[in-house]
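Structure, as structure tokens:
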Amino acid sequence: MNEKHTIAIAADHGGYELKEDIKNFVFDDLNIEWIDCGTDSTNSVDYPDYAHKLASLIKNGQADKGILICGTGIGISIAANRHPHIRAALCTNATMAKLTRQHNNANVLALGARITGVELARDIVKAFLIHEFEGGRHQNRVEKINHGT
Ligand code: RB5
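Count along the sequence shown starting at 1, add 30, and that's the number in this note's numbering.
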């Protein structure tokens, strides 16, 4: 990463343990500033609440990117993508994470803790954090996403 970034991270109960791992073994290692939006245990919660919390932090500028984790990564990414300023990408490998930064300018990475193992998840997060949007031919396409229908 070229500039200093603040990353928001949130998970439901299915993603709680992976969230803690990412904070300890990726963020701390890379000296990344982060804000944890919860949840704080494996007690059952509703994943949309965490997607919406994280989306507001990005909207008000407290964080510039986010990481969302639920069991599959599906529900939490669907909820996040209801916000027009969010481009959340559910990634199951590091190539997807790299390309969604370079081509889609995704500002949120979604992970499925019941789908993706811890070591792979760490690599996916690193790829998402180190790659930048390429602009160029992708700019217009991202603008078309942002404009909606
Ligand atoms: C919670 O059991 C589970 O439904 C949630 O973590 C997620 O996988 C939803 O998409």
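Glycine is no exception: its CB is placed at the ideal position from the N, C-alpha and C atoms.
- By the rule of a C-beta closer than 6 Å to any heavy atom of the ligand RB5, the residues picked out are Asp-42, Gly-44, Tyr-77, Cys-100, Gly-101, Thr-102, Ile-104, Gly-105.
- Annotation for Ile-99: Ala-41, Gly-45, Leu-48, Lys-49, Leu-141, Ala-143 place their beta carbon closer than 6 Å to its own, counting only its chain and skipping 5 residues before and after.
- For the pair Leu-159 and Leu-60, the CB atoms are nearer than the 8 Å cut-off.
- When rounded, the separation of the alpha-carbon atoms in His-43 and Asn-73 is 6 Å.
- Asp-66: member of the beta strand (DSSP E) spanning 63-66, first to last residue.
- In this structure, DSSP gives Ala-38 an extended state, which the three-state scheme calls strand.
- The continuous beta strand (DSSP E) containing Ala-119 extends over residues 118-120.
- Exclusion of the five residues before and after Cys-67 leaves Ala-38, Ile-39, Ala-40, Tyr-80, Lys-83, Leu-84, Leu-87 as the residues of its chain whose Cβ lies within less than 8 Å of its Cβ.
- For the pair Ile-154 and Ala-124, the CB atoms are nearer than the 8 Å cut-off.
- Straight-line spacing of the CA atoms in Ile-62 and Asn-134 works out to 22 Å.
- Secondary-structure assignment with DSSP links Val-138 through a beta bridge to Gly-96, Ala-118.
- His-115 has its alpha-carbon roughly 10 Å from the corresponding atom of His-177.
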